[in-house]
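So for the sequence shown, the numbering used here puts the first residue at 2; every next one is plus one.
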Amino acid sequence: MAQSDNANQLSELEAISLQRLVLAQEKKAVLDHFHDASKACWKQFAVNDCLFKARQQKYQGLSPLDQREIALNERQRFLKESQRQQRLNGKAVESPQDKAQP
């Protein structure tokens, strides 16, 4: 049963890493859009207002992505901690047996 839990955790960690790749691509798309928008702002008369709006759009686009990343980090920490606890519990069980055999 412990092996199936461990396998589930590993597959979930792999899923988290795939989700991180998707998040990175989405962030890159938002930042690329910001770069293009800010470049276009310099061709307008009201540069500061345009740059402000471009930054505002960037932050609005990145905010949900950051929240998803925080949730992924939290889940990854939880999984790694449970794996660590399983390893420690396994070592605690093995240690008394090793000492009992002279």
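The beta carbon of each residue, even a glycine, is placed where N, CA and C say it ideally should be.
When rounded, the separation of the alpha-carbon atoms in Asp67 and Arg78 is 16 Å. As the crow flies, the alpha-carbon of Asn90 is around 10 Å from that of Gln84. Listed in chain order, the non-local C-beta contacts of His34 below 8 Å within the same chain comprise Gln58, Lys59, Gly62, local neighbours out to five positions each way being set aside. Residue state for Gln45 is assigned as coil, using DSSP reduced to three classes. Counting every other CB atom within 10 Å of its CB across the protein chains shown gives Ala55 a total of 16 or more, marking it as buried.
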